[in-house]
Every structure is written in structure tokens, then in C-alpha cells.
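Trainee:
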Amino acid sequence: MADLAPYRAVLSSRIRSQLAYRRSFALDVAGSAGVGLLEFLSVYVIFTNVTELGGLDFAGVALVFAFANLGFSLADIVVGHVDALPTYLRSGTLDAFLLRPLSVLGQLVTSDVQLRRLGRCAVGVAILAVALPQAGIDWGWGAALLVVAIPLVGAVIFAAVFVAAAAAQFWLVDGAEFTNAFVYGGSNAASYPTSVFTTPLRAAVTFVLPAAFTAYLPTLLLLGEPGPAWTPAWLGWFAPVAAVVAWVVALTGWKAGLRHYTGTGS
Amino acid sequence: MNPLRTYVVFAALGFRRYSAYRLATAAGAFTNSVFGLLRAPITMAVIGAAGGELAGYGALEGATYAWLTQAVLTPVNVWTWNELALRIRSGDIAVDLARPVDLQMTYLAADLGRAAFQVLPRGLPPLLVGALVTGLALPTTVLPYVLGLISLALGVCVSFACRWLVNLAAFWLVELRGVLTLHMVAVGALSGLTVPVHWFPDWLARIASASPFPSMVQAPVDLLAGRVQGVEALGVIGVQVAWFLGVLLLGRVVLARGVRRLVVQGG
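Heads up: the protein sequence lines correspond to chains Z and A, in order.
Sequential numbering of the first sequence, starting at 1, is according to this note's numbering.
Sequential numbering of the second sequence, starting at 1001, is according to this note's numbering.
Now the structure itself:
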């Protein structure tokens, strides 16, 4: 494992530096938890007015929301900062990464792991803890496995979306916000039952941007619901396949982006 | 130079600064439109689940609300803003304070210039997409748009006054990110950005109405959509003016206290 030692050293230094200012770190974690709570507040407000949304009750929608949020925030902790790539490109920091005998993506990922985003994870876990017993799930080994696997597979999918978005920055640079539509729009779409969308939009957030695989489809399996036409519940079993495809696309894009990069200086 | 002209210059600079990045503006408008594509059906689905009408919103009014919030959120600036905080932390604020102009008013002028640039290129694309995808329920007379634009300008002012106040915390704290995030969370939760304030349960509606946040988004969106009209609209604008002046004055008092404890190194 000698070749991982440099990453370990960088990572532990980042983590130590984040914990150095205790009060700031506590405020950061609170802010991150606040973001999760704020998003859930919308779901709560909606269910003070209605009893079902897109075929699911409050507990069901809360599960979709919590799985999507947990998956997204796990991905955000590990690779979320790759969206700072345009800053690296403009300042020329990326050239330093290229000179070192380590993977550029590996260096970028380990350059800044954001522990404060654990606050948002905690919100997702708390919502799961409350909603799971109330969702009327037929518990067995399969259901238990799903509860553990859904956020992990979701995190892998969201991480691929982050990397694919970062790859696009090699061409966009100033247009970095284009990719926000996919990264944060994807997270937003994943947090609601995609059955509320019209069929073309639902197909787009299932097969083009695999947001529905991160929470809604596997949650249908957990609840034993059939799901809407064109995107039935059994697709949920294919979430790991969606994750693999997403990573193949993301890494292909990343390699092409890195080849396209020619530096900023003279 | 007469003071009013100074502020016009600052506003023009704010306008030009943001108009320089065309690709970034296009990218932002694209993202606003995509979020509209997601928010409009969610809003319509909620109204459908409530039986086709919810707190005065039919499906079309609900979709219009979703598109309008996407159109106004960038001019109003509901996200974090830390320019002032960074200048306080680096000590550059000393240079700003040495200028023979009012610090808060120049920042306000620049922010209004920014908003004036962003209102069309960031506002029209989501509305156009909305008109094509779901249709929009917009007023057919001129008055709601006039009142709506006044209310939008006031929304920018209220948003600025709040961001200014939060940034001043940099006089007392070294790292502001958590504070800024919490402010953004409060704006997002209580301004009517993701769900209309009119859908809030009583306890939350009371908290929202005791805060300046609905004056940032819900107020201009209500007036632009023609949901609130006539004397009632003037009442909404009055509330916005009151929050703006109140928070702005508080920002002046806090700035004065912050400046008194400011120590900048160097000759």
C-alpha cells in the first residue's frame, strides 16, 4: 500500500486543518445540517397541505428525500470540491498536480475533503430513522440490505456526476454554472418521487442523468410499490449498473478533458 | 462631484462588472431554467394532490410561481455573498473607509447595478421556457408589472441590507462560512423560494412574517403574478420599505461599532 501513502498524508493534513478552529468547524457543521433541514422543510410544508405526492405518502417521500440527501452528501464530502476545478484552472494550480507522479483526479479529490458536510449526512440519517419504521416496510434481509445499499450506491452515482461535471469544466471554465444544473438539479430531482414529472422529463432524470436510481426507484422496491409506466420499480435493482455506466462516462470525460487541457501560462 | 452622481457611477460599475461575463450569465440562466423545469411539475403535483387548488394557487398559478421564483432569485441574490467580509478580514476595509463616500451606500449602489444587469438575462430565459413548457398565468394589465418591478427592486434592497449585516460579523469572527450558510438557509426556508409562504402551517407562517425574508422573494413574485393587487399591493411594498430601512439602519449602527474595534496592521 506504499503508493497510497502520499494520499494518506495529504488527507490527514486536510482533516487536521479543518478541526483546528473548533468554533468555526461547529458553525460549519451546523450550517451544513441547516441546508439539509431547509430542504426537508419544503417536504414538510408540502405534507401539511396534502397526504400523498406522486403516489407516495409522507413517510415514503421522506424516505426518497433522505436516501437522496444521504447519497448526495456522502458524495459531496468525498468529491464535492472537484467543482472548484475552474479556480485551479485559472490560477494554474492544476499544473502542479500534473507535475507530480500521482493521479490528477486522486490529487484533486484528496486535496480538500469537507468534513463539515457530515452535518447534512446526519440530517439524512435522522430522517431515515424516523421514516423507516413508519413506511410500512415488509422487513427481511432484502429490505435491510437495500437500506444500507441505497445511500452507498447513490453516493457512487452522485460522485460520478460530480466528476463528469468537473470534466466538462476543462471546456467551459467561465461557464461552470452550466454543470450546476446537472449536479444540483440532479440532487433536487432525486429528492422527490420522479413520478411527478412528465414522461420525457422522467426518462431524462432516469436514463440520461441517473438521478432516479439514487433514491426513488430503489425506495419503490423497499416499499413494494409497482412504480409508474416506463420507469417501473424493478429498475431499482439496476442502480449498481447505472453507477458503473455513470463512472465509465465520467472517467472517459475526465481523461478527454485532461488531454484537452493545455495550461494557462506561457 | 455631487454625491448622487457618485452613487450612479458605483451602480454603473456594478452593472458593468457583471455584464462582462457573458458565458457565465448564459450558464446561470440555463441552470435557472432547468430548476424551473423541476420545480414547476413538483409544485403542480402538490396542487393536484390537494384537489386542484391550494391557497389560491391553481396548477397554472403554481407553475407561474415556480418560474417566477427562478427568474427573480439571481437579481435578489439569495445565495451567499462574502465580498464585504473578505475585505474586513484582509484589512482592505481600511481603504474603503478612507474614501470620502458613504461605505454602505456605495455597496448598495453597486448591488443595485448588479441586479439591474441580471434582471433581464437571468429572468427572461426561465420565463420563456416556462411559457413554452407549462404556460404562465401573468397579468394582462401594466400596473402589476410596475408594482412588481418596484417590489423586486425593494427585494434586492432588503436582501442587500441583510447580507450587509451578516457580513459585518467578520469584525468579530475570523471564519464566516457557517454564519453565511445559516443566513442562506434562513433565506431559503422563509423567503418563499421553494414553497410559497402561503402554504406554510401557522407556526411557520408566523415566524416568516416576523422576518424580512418573505420581502425578498414572495413579495415581488406575488406582485408580478398579480396575486396581490391594489391597496393590498401597496401594503406589501410598505412592509418591504419598512424592513429595508430597519435592517439598513441596524447595519449602519453595527458597522460603526465594528469600525471602533478595527485594528489594521501596516503603515
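Backbone N, C-alpha and C define an ideal beta-carbon position, used for all residues, glycine too.
Keep in mind that this is a model prediction, so the values were computed, not measured.
Flag residue 1121 of chain A as yes if its beta-carbon sits less than 8 Å from any beta-carbon of chain Z, otherwise no.
Mentor: Not an interface residue.
Trainee: Considering only DSSP beta bridges, list what residue 52 of chain Z is partnered with.
Mentor: For residue 52 of chain Z, which the question treats as bridged, DSSP gives the partners Z:57.
Trainee: Compare the Cα-Cα distances from residue 1065 of chain A to each of A:1218, A:1240, A:1236, A:1235 and report the closest residue.
Mentor: It is A:1218.
Trainee: Residues of the stretch 11-25 of chain Z in Cβ contact with chain A at a cutoff of 7 Å, in chain order, please.
Mentor: Listed by position along the chain: 21, 24.
Trainee: Determine the closest residue to residue 1171 of chain A out of A:1089, A:1081, A:1247, A:1117, with distance taken between C-alpha atoms.
Mentor: That would be A:1089, whose Cα lies nearest to the Cα of residue 1171 of chain A.
Trainee: Can you give the Cα-Cα distance for residue 1149 of chain A and residue 1224 of chain A, rounded to whole angstroms?
Mentor: Rounded to the nearest angstrom, the two C-alpha atoms are 7 Å apart.
Trainee: When we look at the beta-carbon of residue 1275 of chain A and count the other beta-carbons within 10 Å, is it buried (16 or more) or exposed?
Mentor: Because chain A is modelled from 1001 through 1267, residue 1275 of chain A falls outside the range shown and cannot be assessed.
Trainee: Quick one: what's got a C-beta closer than 8 Å to residue 116 of chain Z's C-beta in the same chain, skipping five residues either side?
Mentor: The answer, listed in chain order, is 18, 25, 28, 29, 31, 32.
Trainee: Hey, is residue 223 of chain Z's beta-carbon within less than 8 Å of any beta-carbon in chain A?
Mentor: Not one chain A Cβ lies under 8 Å of residue 223 of chain Z.
Trainee: At a CB distance below 7 Å, what residues from the stretch 1029-1053 of chain A approach chain Z? Give them in sequence order.
Mentor: Listed in sequence order: 1030, 1031, 1034, 1035, 1037, 1038, 1041, 1042, 1045, 1046, 1049, 1050.
Trainee: Would you say residue 1199 of chain A reaches chain Z, if we count a Cβ-Cβ gap shorter than 8 Å as a contact?
Mentor: Judged by the 8 Å Cβ criterion, residue 1199 of chain A is in contact with chain Z.
Trainee: Could you tell me whether the Cβ atoms of residue 1113 of chain A and residue 1040 of chain A are closer together than 8 Å?
Mentor: No, Cβ-Cβ distance for residue 1113 of chain A and residue 1040 of chain A is not below 8 Å.
Trainee: Skipping 5 residues on each side, what residues in its chain have a beta carbon closer than 6 Å to that of residue 54 of chain Z?
Mentor: Counting only Cβ-Cβ distances below 6 Å, and skipping sequence neighbours, we find 193, 195, 196.
Trainee: Please tell me whether residue 1195 of chain A has its Cβ less than 8 Å away from any Cβ of chain Z.
Mentor: Yes, its Cβ sits closer than 8 Å to a Cβ of chain Z.
Trainee: Does the distance from the C-beta atom of residue 127 of chain Z to that of residue 65 of chain Z stay below 8 Å?
Mentor: Against a cut-off of 8 Å, the Cβ pair of residue 65 of chain Z and residue 127 of chain Z comes out as a contact.
Trainee: Hey, out of Z:261, Z:58, Z:237, whose CA is closest to residue 143 of chain Z's CA?
Mentor: When each option's Cα is compared against that of residue 143 of chain Z, the closest is Z:237.
Trainee: What distance in whole Å lies between the Cβ atoms of residue 176 of chain Z and residue 211 of chain Z, which are believed to be in contact at a cut-off of 8 Å?
Mentor: That belief does not hold up - the Cβ atoms of residue 211 of chain Z and residue 176 of chain Z are roughly 20 Å apart, past 8 Å.
Trainee: Among the candidates Z:213, Z:40, Z:3, Z:39, whose CA atom is the shortest distance from the CA of residue 100 of chain Z?
Mentor: With distances taken between Cα atoms, residue 100 of chain Z lies closest to Z:3.
Trainee: Output needed in chain order: residues of the stretch 99-110 of chain Z with a Cβ under 9 Å from some Cβ in chain C.
Mentor: This model lacks chain C altogether; the protein chains it does include are Z and A.
Trainee: Can residue 36 of chain Z and residue 120 of chain Z be called in contact, C-beta distance under 8 Å?
Mentor: Cβ atoms of residue 36 of chain Z and residue 120 of chain Z: closer than 8 Å.
Trainee: Label residue 1222 of chain A either buried or exposed according to how many other C-beta atoms from any shown protein chain fall within 10 Å of its C-beta, with 16 as the threshold for buried.
Mentor: Under this definition residue 1222 of chain A is a buried residue.
Trainee: Got a sec? Which residues, its chain only, sit under 7 Å from residue 224 of chain Z by beta carbon, not counting five neighbours each side?
Mentor: The residues are 138.
Trainee: Less than 8 Å separating the beta-carbons of residue 219 of chain Z and residue 154 of chain Z?
Mentor: Contact flag unset, no.
Trainee: Find the residues of chain A that neighbour residue 69 of chain Z, judging by a C-beta separation of less than 8 Å, and give them in chain order.
Mentor: In chain order: nothing, as chain A lies at least about 14 Å away.
Trainee: Any idea what DSSP makes of residue 1176 of chain A, helix, strand or coil?
Mentor: Residue 1176 of chain A falls in the coil class under three-state DSSP.
Trainee: Chain A partners of residue 174 of chain Z, CB-CB under 9 Å?
Mentor: Near residue 174 of chain Z (Cβ distances below 9 Å), the residues of chain A are 1021, 1022, 1023, 1024, 1027.
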